[in-house]
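Visitor: Quick one: structure below, then a few questions.
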Amino acid sequence: MKNNRKYYIFSALRMLILALILFMALFPLFWMVLTSSKNMTELLKIPATILPENFTLEAYRTVWVDKPFVTYISNSLKISIVATFLGMVVSCMAAYGFAKFRFPFKKTLLMFVLVAQMFPSTSIIIPLFSIYKSYGLYDSHLGLMLLYATISLAFSIWMMYGYFKGVPRELEEAARIDGGGALKIFVNIILPISKPGIAAVGVYAFMCSWNEYLYSLILLTTDTKYTISLGLSRFITEFGTYWNEMGAASIVVTIPTLLIFMLLGKNLIAGLTAGAVKG
């Protein structure tokens, strides 16, 4: 009887903690939706109202029509997709080399990849700025694509390294007997059975590029080249913050992320767990 009581108490506490975590995670999104459906007059009222008294979608129209936010979304999509593709190609090939080939200082180089990720992003801003100015990459999308492709490399390499290490050598040996070279084995055998891991690093790389703010702030100066993170900051002006428009823009920005998780959620979870266990 006592054991059953302890079990029910523990289960109730666990559900309460999970509910609290879920509430803390979803409440900002809920508040953002409510804020975007109010006008500025209502937002500045004291005391504040939770539900909108006069429901309106004017903020969405302003963001979509009057502001160049479509341009910002287009820029971010272009940069993020290219950077994700480049990052996935490099990380998969590097991880496969670390996992399946022997060469001098392999463990040292693999550890260096991890250590390099520990340096704060602010530590490379000045040399990065000088390099970009010298090579004509300053204020260009190409520069951001190359930079964003490297941001997630450390995690992606270690993630895929663990995944590739778990691939049975018998598969590769059988392919070699059939006359397959290293590249053919990698493309036709290793990559197809590693789709969950590739999906995981792809989502991670895309999110790193999609949400990045600091580097784009430093390296972009032309308004028409801005990303969505810089576009959101434009709703904060010297005359105040347009919270309803910022809320509407934030909802729009969140949609691609939600779509990615809806489409690739299962692969993402499978890839993360498999990569962690096999690593």
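In this text, residue positions in the sequence shown follow the numbering used here: the first is -16, and each later residue adds one. Think of the CB as a built atom: it goes at the ideal place given N, C-alpha and C, for glycine as much as any other residue. Note that the structure is a prediction, hence the values are computed from the model and not measured.
(1) Okay, do the segment 54 to 71 and the segment 20 to 33 touch, 3+ Cβ pairs below 8 Å being the bar?
(2) In three-state DSSP terms, what is Gly258?
(3) Please specify which runs of the alpha helix (DSSP H), each continuous and at least 4 residues long, are wholly inside the segment 204 to 237, giving them in chain order.
(4) Would Trp141 be called buried (16 or more neighbouring beta carbons within 10 Å of its own) or exposed?
(5) Are the CB atoms of Leu127 and Ile62 nearer to each other than 8 Å?
(6) Confirm, please, whether the CB-CB distance from Gly70 to Ser135 is below 8 Å.
(7) What first and last residue would you give for the alpha helix (DSSP H) that runs through Thr54?
(8) Evaluate Met94 with the Cβ neighbour count: other Cβ atoms within 10 Å of its Cβ, from every protein chain shown; 16 or more gives buried, anything less gives exposed.
(9) Quick one: is Ile238 near chain B, going by C-beta distance under 8 Å?
(10) Buried or exposed: which applies to Lys116, given that a residue is buried once 16 or more other Cβ atoms fall within 10 Å of its Cβ?
(11) Starting from the Cα of Trp193, find the closest Cα among Ser123, Gly163, Leu60, Leu(-4) and give me that residue.
(12) Any contact between the segment 139 to 157 and the segment 77 to 96? By contact I mean 3 or more CB pairs, one from each, below 8 Å.
(13) For the alpha helix (DSSP H) containing Glu153, list its first residue and its last residue.
(14) Would you give the residue range spanned by the alpha helix (DSSP H) that Tyr115 belongs to?
(15) So, using beta-carbon positions, are Ser123 and Phe147 closer together than 8 Å?
(16) Can you round the beta-carbon distance between Ile172 and Leu154 to whole angstroms, since I take them to be within the 8 Å contact cut?
(17) Check whether the segment 179 to 189 touches the segment 13 to 20, taking contact to mean three or more Cβ pairs, one atom from each stretch, closer than 8 Å.
(18) Within 10 angstroms of its Cβ, does Thr67 collect 16 or more other Cβ (buried), or is it exposed?
(19) Identify the continuous alpha helix (DSSP H) that holds Met101 and give its terminal residues.
(20) Between the beta-carbon of Ile108 and the beta-carbon of Ile201, is there less than 8 Å?
(21) Between Asn(-13) and Leu3, what straight-line distance do the alpha-carbon atoms span, to the nearest angstrom?
(22) Thinking C-beta only, is Ser233 closer than 8 Å to Tyr187?
(23) For Glu25 versus Glu36, is the C-beta spacing smaller than 8 Å?
(24) Within the segment -3 to 38, note down every full alpha helix (DSSP H) run reaching 4 residues or more, in order along the chain.
(25) Within 10 angstroms of the Cβ of Gly214, are there 16 or more other Cβ atoms? Answer buried if so, exposed if not.
(26) Using 10 angstroms around the beta-carbon of Val96, count the other beta-carbons present and answer buried if the total reaches 16, otherwise exposed.
(27) Excluding the five sequence neighbours on either side, which residues of its own chain have a C-beta within less than 6 Å of the C-beta of Ala82, listed in chain order?
(28) State the DSSP-derived secondary structure class of Leu246, mapped to helix, strand or coil.
(29) Thinking Val46 and Glu228 are a contact (beta carbons under 8 Å), I'd like their distance in whole angstroms, please.
Guide: In this structure, then:
(1) no
(2) With a pLDDT of 49 at Gly258, under the threshold of 50, the modelled position of that residue is not reliable, and no figure is offered here.
(3) 211 to 216
(4) buried
(5) yes
(6) yes
(7) 52 to 83
(8) exposed
(9) Of the chains in the structure shown, none is chain B; there is only one protein chain.
(10) exposed
(11) Leu60
(12) yes
(13) 152 to 160
(14) 108 to 117
(15) no
(16) 6 Å
(17) no
(18) buried
(19) Segment: none, Met101 is in no alpha helix (DSSP H) and carries neither H nor E.
(20) yes
(21) 24 Å
(22) no
(23) yes
(24) 23 to 26
(25) buried
(26) buried
(27) Tyr144, Phe147, Lys148
(28) helix
(29) 6 Å
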